[in-house]
Amino acid sequence: MVNLILMITAELDKLTDLQPQGGCDDANFPFYVKIRCGNCGEVSPKETCLVAVPKSRELLIFFQKCKFCGREENIVMIPGKGRPLTTEDGETEGYAPSMLFDSRGIKPSTDGTKFEGIDLSSGEYSEYCEKGQAPVMISNLKSKFEVLE
Ligand SMILES: [Zn+2]
3 MVNLILMITA ELDKLTDLQP QGGCDDANFP FYVKIRCGNC GEVSPKETCL
53 VAVPKSRELL IFFQKCKFCG REENIVMIPG KGRPLTTEDG ETEGYAPSML
103 FDSRGIKPST DGTKFEGIDL SSGEYSEYCE KGQAPVMISN LKSKFEVLE
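For the sequence shown, the numbering used here gives the first residue as 3, with consecutive numbering after it.
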């Protein structure tokens, strides 16, 4: 078992507290990563969606039986460990821990991570905020997985 934490950072312009739609513990918040088998090293050709599996006992968000070596592997989310990314984090290029996972046999890679709802695959997002009557922008979004010792 390996504990992996999804770290995010971005420059936030007139925005703060960037987090998944339902908060940092939202296992229903889908995001897409490439999966590498921890046993044979086979990498999924396409991004795989990580999202809560209905009726699972734990917060299971992904499981597979590797097509190549047949090993069963999964990722479980551990709630209560993430926090939103603040403007201050972004200014110092600090990463905020967004979500914690227990990865059993899988190594996810954040190359080309996509977040549902906001297309940040290019690392940028901008829109006009009707409420604040100002343009808001997220740029230089970066994410990575860190192994938690
Ligand atoms: Zn494999």
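Every residue, glycine too, gets a C-beta built ideally from N, C-alpha and C.
Boundaries of the beta strand (DSSP E) harbouring T50: 50-52, taken from the DSSP string. In the DSSP assignment, D27 falls outside any beta strand (DSSP E), carrying neither H nor E. Segment contact: the stretch 95-107 against the stretch 124-136, fewer than three CB-CB distances shorter than 8 angstroms; contact not assigned.
As a beta-bridge residue in DSSP terms, Q66 pairs with E75. A distance criterion of 6 angstroms places the beta-carbon of R73 in contact range of ligand 1, judged by its closest non-hydrogen atom. A direct Cα-to-Cα measurement between V55 and Y34 gives close to 15 angstroms. Taking M9 as the centre and dropping the five residues before and after it, the same chain places the C-beta of Y97, A98, P99, S100, S145, K146, F147, E148 closer than 8 angstroms to its C-beta, in chain order. Judged by the Cβ position, N41 qualifies as a neighbour of ligand 1 at the 6 angstroms threshold, a heavy atom of the ligand being closer than this. Beta-bridge pairing by DSSP links C131 to A136.
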